[in-house]
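Protein chains in written order, with the working numbering: chain A, 881 to 1131; chain B, 14 to 419. Even for Gly, the Cβ is constructed at its ideal location relative to N, Cα and C. Report on the following structure.
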């Protein structure tokens, strides 16, 4: 069970035609992610990590190579089938939260389930409430996004990502818009989710954020240059230390 | 996604931009209101004309002798002598759809009373003529069948005649006037009918027993024409058929030969008048539909803006599993709901305004159910049609690009 492969990528290529030139964004990438892993995907901008994430998230399809997500070969699916995969198997967390404006936290979290016919209105509400509870936002359920802080908004977004019980959570620079303290809070939350058995792929360019994961894949110019397990640090501990340092510097 | 969710999402989205939604709706509201008002007013005027016509006796049937050809020369119809007493009797006794029959013979004579004189159009008729033409007697009485039999020198005069002859405030009834050489006693004055549709003064007449006119003025035994009234307006065609049958057999007309008389019902006049007002209605409705079209383009414009403005939202919805179809229906239902709400308000407003206008103009108030039905259908179609293009644009967005859109 522990070694069940959720994502399996073989010799993945993704080319973009820009004018007369062909840009090789991904140049034969091969790796797999097993259930219960907390993977950080690192790289500078232009390294292909966004392209990789788009493909992992079934928003884009590879030019060549194989991508198997939870037993589904994604390469030759049509748009609608990709939508269904995204809806059932993937939870997205974006850098800029992407919450619907003037829509309550609860309604925002319910959103993915709206596109799933099998979920009734009652079940939808229950699951959304449970998801918000999991990110400790029970008391903010009916707040609008503009009434929430950045960290709270990102937690709503995380609740939205887990509400459909995905096989993998894909986070795209999820801490990019947050200050250090809130970043640690969010990472603590991700580690909590990970400890509950969630599989997470976390795209970031910040090395210290990557230390909170269990494995780092480093990309450069469309190739994997490093893929190794790392010793996970506790984000909660980092947060505590940060607060302590902050206090001492104030004094 | 099911319909309830779809409608809920659309309404939430519309409520998020109340002001804009209302202004967009305004175009549809004005369009539908003007269509309803124009069609209602058009129909009201049609009905007004119809009721005016039926006050003249809409079930009236005129029977005239047909033109006579003699040696290739068209003699006109005044010379024809085909209608006579025998026809009158058989029409009175043998018909099912005819209630009244009256012959008519016309003559003219200078009318004299005291120092006043007036050119008079004398019409010799039967007492039933008043019923056929819906003449009311204002003062006195109509002459009787008895007086018809006796060639009585009595007459019933119209308002204009009375005003011209009795200038000193005399009471016309009971006075004797001279018609040409013949002294006639006035026994009744007709209620004024005013001008008819063609501008003729309907009160400038003198009615006398047809026998009197035939024997004392003209020296003829045929009728110039005959008037009849059908049992109802709808049955006037049946009555006409019946009259045709009787007259043909009276006149011994062989099968295949032409009638020697002509029958006209008011229905023809009615349909002519109606077609004019109907044309007007169509014209007005066409003009009003242009404003509806403009309203529809307003909806399209706003939906375009909405799609562009919410590109990021579309991207997000697609990223979390919305299919192109879902996004398309979301925007389509927004524009349909917008149009339908606008249309409903427009219909209510349109009924209200046409009611107010009809009251002010003193026209009969008609609400066209067809116009309401069509308006509603047009609203839904407008929403569909003008929402479709922007919605498709939204559905075809690439989620990655849409998510990055600023």
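| Asked | Found |
| --- | --- |
| Whether residue 308(B) touches residue 43(B) by CB criterion (8 Å) | yes |
| Identity of the residues DSSP links to residue 132(B) by a beta bridge | 123(B) |
| Collapsed DSSP secondary structure at residue 918(A) in the structure displayed | strand |
| Three or more C-beta pairs below 8 Å linking the stretch 365-385 of chain B and the stretch 46-60 of chain B | yes |
| Residues of its chain near residue 234(B), where Cβ-Cβ distance is below 8 Å and the 5 sequence neighbours each way are ignored | 97, 98, 227 |
| Interface residues of chain B facing residue 972(A) [CB-CB closer than 7 Å] | 332, 333 |
| Cβ-Cβ distance between residue 326(B) and residue 993(A) below 8 Å | no |
| Where residue 1113(A) falls: helix, strand or coil (DSSP) | coil |
| Segments assigned beta strand (DSSP E), at least 3 residues, entirely inside the stretch 157-190 of chain B | 167-170 |
| Extent of the continuous alpha helix (DSSP H) to which residue 1033(A) belongs | 1030-1042 |
| Rounded Cβ spacing between residue 343(B) and residue 22(B) (contact assumed at less than 8 Å) | 6 Å |
| Beta strand (DSSP E) segments (min. 3 residues) lying fully within the stretch 270-298 of chain B | 274-278 |
| Contacts that residue 329(B) makes with chain A (C-beta to C-beta distance below 9 Å) | 972, 974, 978, 979, 980, 991 |
| Inter-residue CB distance, residue 252(B) and residue 244(B) (contact presumed, cutoff 8 Å) | 7 Å |
| CB-CB length for residue 1008(A) against residue 1064(A), believed under 8 Å | About 26 Å; that fails the 8 Å criterion. |
| Reduced DSSP category for residue 309(B) - H, G, I as helix; E, B as strand; rest coil | helix |
| Residue 370(B) to residue 271(B) span [Cα, whole Å] | 51 Å |
| Length-filtered (4 minimum) alpha helix (DSSP H) runs lying within the stretch 1058-1105 of chain A | 1060-1075, 1087-1090 |
| Closer than 8 Å to chain A by CB, residue 315(B) | no |
| Residue of 1095(A), 1071(A), 1124(A), 1122(A) minimising C-alpha distance to residue 1111(A) | 1095(A) |
| Simplified DSSP assignment, three categories, for residue 25(B) | helix |
| When 941(A), 1012(A), 1088(A), 1122(A) are compared against residue 958(A), the one with the closest alpha-carbon | 941(A) |
| Rounded distance between the beta-carbons of residue 195(B) and residue 12(B), thought under 8 Å | Within the shown structure, residues of chain B are numbered from 14 to 419, placing residue 12(B) beyond reach of any answer. |
| Residue 943(A) at chain B interface by Cβ criterion, 8 Å | no |
| Buried or exposed (CB count within 10 angstroms, at least 16 for buried), residue 1078(A) | buried |
| Extent of the continuous alpha helix (DSSP H) run through residue 416(B) | 412-417 |
| Cβ-Cβ distance between residue 1(B) and residue 356(B) below 8 Å | Residue 1(B) lies beyond the stretch modelled for chain B, which goes from 14 to 419, so this question has no answer here. |
| Under 9 Å from the C-beta of residue 986(A): neighbouring residues of chain B | Under the 9 Å cutoff, chain B gives no residues; its nearest Cβ is about 13 Å from residue 986(A). |
| Of the listed residues 999(A), 890(A), 963(A), 1086(A), nearest to residue 923(A) (C-alpha basis) | 1086(A) |
| Exposed unless 16 or more other CB atoms sit within 10 angstroms - verdict on residue 1109(A) | exposed |
| Residue 347(B) at chain A interface by Cβ criterion, 8 Å | no |
| Beta-carbon proximity check, residue 915(A) vs residue 1083(A), cutoff 8 Å | no |
| Chain-ordered chain A contacts of residue 326(B) [CB-CB under 7 Å] | 980 |
| Buried/exposed call for residue 113(B), threshold 16 Cβ in 10 Å | buried |
| Residue 255(B) in three-state terms, based on DSSP | helix |
| Whole-angstrom distance between residue 31(B) and residue 300(B), CA atom to CA atom | 29 Å |
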